[in-house]
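Following: one structure in structure tokens, then a few remarks.
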Amino acid sequence: MKPSFKLPVLLILLGILLVACAGGNFQPVEKEYVLTTDLRNGSLVFLGVSDEINGQENPTLSAKPGERITVTLINGGMGQHDITFPEINARTGVVKEKGEAASVTFTVPEIHGEMEYYDSVSNHAELGMRGKLVVTESGEISMPMTTTISNGDPAVIAAFQKGACGSCHKIAGIPNAVGVVGPDLSDASMLAEEHMLSEGYTGAATNIEDYLHESLVDPNLFISPSCPTGACAPNVMPANLSETLTTDEINAIVNYLSGLPDGAYTESTTTGESAAPPQESDNSGNDIVRDPTDLPGPVGNREPEVVRIDLEATEVIGQLADGTTYTYWTFNDQVPGPFFRVRVGDTIEVHMKNSGSSTMNHSVDFHAVTGPGGGAVMTQTKPGEETMFTAKALNPGLYVYHCATPMVADHIANGMYGLILVEPEGGLPPVDREFYVMQGELYTAGAFGEHGHQMSDITKLLDENPEYFVFNGAVNALVDKKPLKANVGESVRIFFGVGGPNFTSSFHVIGEIFDRVYDQASLTGAPLTDVQTTLVPPGGATMVEFDLEVPGNFILVDHALSRLQRGLAGYLVVEGDPNPEIINGTPAEGSGH
207 MKPSFKLPVL LILLGILLVA CAGGNFQPVE KEYVLTTDLR NGSLVFLGVS
257 DEINGQENPT LSAKPGERIT VTLINGGMGQ HDITFPEINA RTGVVKEKGE
307 AASVTFTVPE IHGEMEYYDS VSNHAELGMR GKLVVTESGE ISMPMTTTIS
357 NGDPAVIAAF QKGACGSCHK IAGIPNAVGV VGPDLSDASM LAEEHMLSEG
407 YTGAATNIED YLHESLVDPN LFISPSCPTG ACAPNVMPAN LSETLTTDEI
457 NAIVNYLSGL PDGAYTESTT TGESAAPPQE SDNSGNDIVR DPTDLPGPVG
507 NREPEVVRID LEATEVIGQL ADGTTYTYWT FNDQVPGPFF RVRVGDTIEV
557 HMKNSGSSTM NHSVDFHAVT GPGGGAVMTQ TKPGEETMFT AKALNPGLYV
607 YHCATPMVAD HIANGMYGLI LVEPEGGLPP VDREFYVMQG ELYTAGAFGE
657 HGHQMSDITK LLDENPEYFV FNGAVNALVD KKPLKANVGE SVRIFFGVGG
707 PNFTSSFHVI GEIFDRVYDQ ASLTGAPLTD VQTTLVPPGG ATMVEFDLEV
757 PGNFILVDHA LSRLQRGLAG YLVVEGDPNP EIINGTPAEG SGH
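As numbered in my numbering, residues 207 to 799 make up the sequence shown, in order.
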């Protein structure tokens, strides 16, 4: 479900417009443009959210020579950004967090032609965040004035248009809504009659509140008159966001944009043809799931040596669930990152690359490393570059590593975590099978199970309100994609870690008891024995071992079992002969085992 404005916010908005329209001919002295940031088809772009640039990627702005204009940037949630006009040395501040806004006001030079603007942070300009300001005597250019908004909520439409005059919007999902006319703002009491209750309206509402409620219940009642053309009529607000843009309005716009799939904005005409349908299920994502058997064998009884570790940060569109893709940030294209195995006393030589196609800087913090940032201070790596450091493995144990580039929680939530095992001298006791499993959370703009491509939602992340809990990166990754497999009579070891970034796991295997638990992943002390469920904090790990006595499907869970309904499950599939002395009976249909 897409975010939308609440009624009180809309009424405040309408009040702001009434105040703004209180004087004369309503022609603004200064022109204001408002842009946000978005990721479209793998490229970072500016996205217009005001005036005639609404919905346009890297919009071309226009102004008259000598005119004072204001350009505002709202961070849409993908990194840090600014807008720079290099020819006149004008720049907004850097917006670092989702919803944060910054503006720059300047006088347009007394020349005709084009001026470039771009994002001067990192390599974002090269990744696509750049546009033009065209200076003409009329202050106008020939450009599309229409967009399609893939949302039928009248409150959102009203917020985006603010009574757009000269703009025509088709509304996907509402066949009769051809366009929206800017309201007559000369008298608030006339608003419902003149605008909301336009010709062709078939409902019973007589005021704004009733109309909005009725429209949300039955969107087919939202029938608007023909699109306006030409100059704004008297007492009609032009289509621009005023200086009184509030924090609530900024946040609502950003939340709305974050909930849209790629391509939700498209250019339209005023002929009334049907708008493109919203994006449906998407199964085009890459397989980012790390196979639980993808880990190196034991180090064995050897002398210390130098071990090279190669990591590459990549930003990959992966398959999160059936019908749903997500933009993961990964180490080596999979979640979790590679499992590394060394022995105490080894020197690790870490080579950290960042793919040239990345939009962000990335780094790595090894919890196994003694030193500032666990190596992160030496590996803040720009796209297309490589860094390196060495460190001595001083303490045996099973340790998490993760990206430590601000905002660190965002990088981790997007998939940048893994495990490194530092074996004690002489190695670990032998077992028949070893598995690599990590738990994480994803904070998507869309609700759990919503199809299409999903982007991350920073507000949900900061509120610690995830939509998904996953093992090895995706919904049911270890159930139908890559389950753990073993045989009756074998011994099993699971290296288990929590990337997080926020939730502790109560790790449990339904139908099994851990013979040995190396609590907090401490490998030098005596293990706990006969454990049902073990706690593993975010940024922590454990090692569990048990023998297999009977066949069946044994379900890996976090025993905070509501998370099972949000994608967090795995299978240990055990084959072999039954052992009726241990368990005997007839499995019921639908047991899930």
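The beta-carbon is built from N, C-alpha and C at its ideal position, and this holds for glycine as well. Just so it is clear, the structure is predicted and the values come from calculations on it, not from any experiment.
In three-state DSSP terms, what is aspartate 616?
Looking up residue 616 in the sequence shown gives position 410. Here aspartate 616 sits in helix by DSSP.
Close beta carbons around proline 510, own chain, < 6 Å, minus the five adjacent residues each side:
By 1-based counting over the sequence shown, the position of residue 510 is 304. Gly551 and Asp552, listed in sequence order.
Give me the Cα-Cα distance between tyrosine 532 and leucine 526, rounded to the nearest whole angstrom.
Locating residue 532 in the sequence shown gives position 326, where the first residue counts as 1. Locating residue 526 in the sequence shown gives position 320, where the first residue counts as 1. Using only the alpha carbons, I get a separation of about 6 Å.
Report all residues from its chain with a CB closer than 7 Å to the CB of alanine 296; omit the five preceding and five following residues, and keep chain order.
As a first step, residue 296 is located in the sequence shown; it is residue number 90 there, counting from the start. Same-chain partners within the cutoff: Val310 and Phe312.
By alpha-carbon positions, which one of Pro271, Ser728 and Val240 ends up nearest to glycine 261?
Within the sequence shown, residue 261 is the residue found at index 55, counting from 1. If you compare the alpha carbons of Pro271, Ser728 and Val240 with that of glycine 261, the shortest gap goes to Val240.
Where are the beta strand (DSSP E) runs, 3 residues long or more, that stay fully inside the region 576-625, in chain order?
Considered as a whole, the region 576-625 harbours 592-598 and 603-608 as its complete beta strand (DSSP E) runs of no fewer than 3 residues, in chain order.
Classification of arginine 508 by the beta-carbon crowding that lies within 10 angstroms, buried from 16 upward
One-based indexing of the sequence shown puts residue 508 at position 302. Counting of Cβ neighbours within 10 angstroms places arginine 508 among the exposed residues, the total staying below 16.
Kindly indicate the opening and closing residues of the alpha helix (DSSP H) around threonine 665.
Translated into positions along the sequence shown, residue 665 becomes position 459. Here the alpha helix (DSSP H) through threonine 665 covers 664-668.
In three-state DSSP terms, what is glutamate 263?
Position 57 of the sequence shown holds residue 263. In the three-state reduction of the DSSP assignment, glutamate 263 falls in the strand class, which pools E and B.
Through-space distance from phenylalanine 677 to aspartate 764, alpha-carbon basis
Within the sequence shown, the letter at position 558 stands for residue 764. Within the sequence shown, the letter at position 471 stands for residue 677. If I take the Cα positions, the gap works out to 10 Å.
Three CB pairs or more closer than 8 Å across the region 720-729 and the region 782-791:
Taking a cut-off of 8 Å on C-beta distances, the region 720-729 does not touch the region 782-791, as fewer than three cross pairs fall below it.
Which runs of the beta strand (DSSP E) spanning at least 3 residues fall entirely within the region 498-585, listed in chain order?
Runs found: 512-527, 530-537, 546-549 and 553-560.
Note down the Cα distance separating methionine 594 from threonine 585, rounded to an integer number of angstroms.
As a first step, residue 594 is located in the sequence shown; it is residue number 388 there, counting from the start. As a first step, residue 585 is located in the sequence shown; it is residue number 379 there, counting from the start. The alpha-carbon separation between methionine 594 and threonine 585 amounts to approximately 7 Å.
Taking only the alpha-carbon atoms, compute the straight-line gap between alanine 619 and lysine 688 and give it to the nearest angstrom.
On the sequence shown, position 413 is the one that residue 619 refers to. On the sequence shown, position 482 is the one that residue 688 refers to. C-alpha separation (whole angstroms): 21 Å.
Could you check which residue in Glu718, Ser487, Val341 and Gln540 has the C-alpha nearest to that of glycine 679?
Your numbering for residue 679 matches position 473 in the sequence shown. Looking at the Cα atoms, Gln540 is the closest of the given residues.
Straight-line gap, glutamate 696 to valine 251 (C-alpha atoms, nearest Å):
Residue mapping note: residue 696 aligns to position 490 of the sequence shown, counting from 1. Residue mapping note: residue 251 aligns to position 45 of the sequence shown, counting from 1. Distance between the alpha carbons of glutamate 696 and valine 251: 54 Å.
Excluding the 5 residues flanking threonine 588 on each side, which residues of the same chain have their C-beta closer than 8 Å to its C-beta?
Here residue 588 refers to the residue found at position 382 when the sequence shown is read from its first residue. According to the sequence provided, residue 588 is lysine. The question's threonine does not apply to it. Cβ neighbours of lysine 588 beyond the five flanking positions: Ser328, Asn329, Asn560 and Asn567.
Identify, in the order they occur along the chain, each residue of the same chain with its Cβ nearer than 7 Å to the Cβ of threonine 730, setting aside the five sequence neighbours on each side.
Stepping through the sequence shown from its first residue, residue 730 is reached at position 524. Answer for threonine 730: Pro602 and Pro630, listed in chain order.
For the beta strand (DSSP E) that contains tyrosine 674, what are its first and last residues?
Along the sequence shown, read from residue 1 onward, the residue named residue 674 stands at position 468. Looking at the DSSP string, the run of the beta strand (DSSP E) that includes tyrosine 674 is 674-677.
Beta-carbon within less than 6 Å of glycine 436's beta-carbon, same chain only, minus the 5 sequence neighbours each way: which residues are those?
Position 230 of the sequence shown, counted from the first residue, corresponds to residue 436. Any answer about glycine 436 is weak, because its pLDDT of 41 lies below 50 and its placement is not dependable; what the coordinates show is given next. Contacts found: none.
Should serine 569 be labelled buried (16 or more other beta-carbon atoms within 10 Å of its own) or exposed?
Taking the sequence shown and counting its residues from 1, one reaches residue 569 at position 363. Result: buried.
Would histidine 657 and glycine 529 qualify as a contact pair, given that the criterion is a beta-carbon distance under 8 Å?
Taking the sequence shown and counting its residues from 1, the one referred to as residue 657 is at position 451. Taking the sequence shown and counting its residues from 1, the one referred to as residue 529 is at position 323. Taking 8 Å as the Cβ cut-off, histidine 657 and glycine 529 qualify as a contacting pair.
Which of the three DSSP states is assigned to glutamate 202 in this structure?
Absent from the model: residue 202. The displayed extent of the chain is 207 to 799, so no value can be given.
Cα-Cα separation between glycine 254 and histidine 714, rounded to whole angstroms:
Translated into the one-based positions of the sequence shown, residue 254 becomes position 48. Translated into the one-based positions of the sequence shown, residue 714 becomes position 508. Between glycine 254 and histidine 714, the C-alpha separation is close to 48 Å.
Which of helix, strand or coil DSSP assigns to arginine 772:
Along the sequence shown, read from residue 1 onward, the residue named residue 772 stands at position 566. In the structure shown, the three-state DSSP call for arginine 772 is helix.
For asparagine 489 versus isoleucine 523, is the C-beta spacing smaller than 8 Å?
Taking the first residue of the sequence shown as 1, we reach residue 489 at position 283. Taking the first residue of the sequence shown as 1, we reach residue 523 at position 317. No, they are not a contact pair.
Tell me which residues share the same chain as threonine 453 and place their Cβ nearer than 6 Å to its Cβ, disregarding the 5 neighbours each side in the sequence.
Reading the sequence shown from its first residue, position 247 is the one you call residue 453. Model confidence at threonine 453 stands at a pLDDT of 49, short of 50, so the residue's coordinates are unreliable; what they give is reported in the following sentence. Beyond the five residues adjoining it in sequence on each side, threonine 453 comes within less than 6 Å, by CB distance, of no other residue in the same chain.
Cβ shell of valine 704 (< 8 Å), same chain only, five flanking positions each side left out
For the purposes of this step, residue 704 is taken as residue 498 along the sequence shown, with counting starting at 1. So the qualifying residues of the chain are Val606, Met644, Gln645, Gly646, Thr710, Ser711, Val742, Pro743, Pro744, Gly745, Gly746 and Ala747.
What is the DSSP secondary structure of glutamate 718, counted as helix, strand or coil?
As a first step, residue 718 is located in the sequence shown; it is residue number 512 there, counting from the start. Per DSSP, reduced to three states, the secondary structure at glutamate 718 is coil, with no helix or strand assignment.
Quick one: measure Cβ to Cβ for isoleucine 289 and aspartate 325, integer angstroms, because I've assumed they're closer than 8 Å.
By one-based count along the sequence shown, residue 289 stands at place 83. By one-based count along the sequence shown, residue 325 stands at place 119. In this structure isoleucine 289 touches aspartate 325 by the C-beta definition: roughly 7 Å separates them, less than 8 Å.
Express the C-alpha separation of tyrosine 674 and leucine 778 in angstroms, rounding to a whole number.
Taking the first residue of the sequence shown as position 1, residue 778 is located at position 572. Taking the first residue of the sequence shown as position 1, residue 674 is located at position 468. Looking at the two C-alpha atoms, the distance is approximately 21 Å.
Would a C-beta distance cut-off of 8 Å place glutamate 316 and lysine 338 closer than the cut-off?
As a working mapping, residue 316 is identified with position 110 in the sequence shown. As a working mapping, residue 338 is identified with position 132 in the sequence shown. Here glutamate 316 is not near lysine 338, since their CB atoms are 8 Å or more apart.
Between which residues of its own chain and leucine 690 is the CB-CB distance below 6 Å, once the five residues before and five after are set aside?
In the sequence shown, counting from the first residue as 1, residue 690 sits at position 484. These residues qualify, in order along the chain: Pro498, Phe641 and Leu778.
Would you mind sorting glycine 577 into buried or exposed? The rule is 16 or more other CB atoms within 10 Å of its CB.
Taking the first residue of the sequence shown as position 1, residue 577 is located at position 371. Classification of glycine 577: exposed, given that the 10 Å Cβ count is below 16.
Going by beta carbon distance, what residues of the same chain come within less than 7 Å of alanine 766, once the five residues before and after it are set aside?
Locating residue 766 in the sequence shown gives position 560, counting from the first residue. Cβ neighbours of alanine 766 beyond the five flanking positions: Ser712.
How many whole angstroms separate the CB atoms of threonine 243 and methionine 284, which I take to be in contact at a CB cut-off of 8 Å?
Locating residue 243 in the sequence shown gives position 37, counting from the first residue. Locating residue 284 in the sequence shown gives position 78, counting from the first residue. With 8 Å as the limit, threonine 243 and methionine 284 qualify as a contact, their Cβ atoms being about 6 Å apart.
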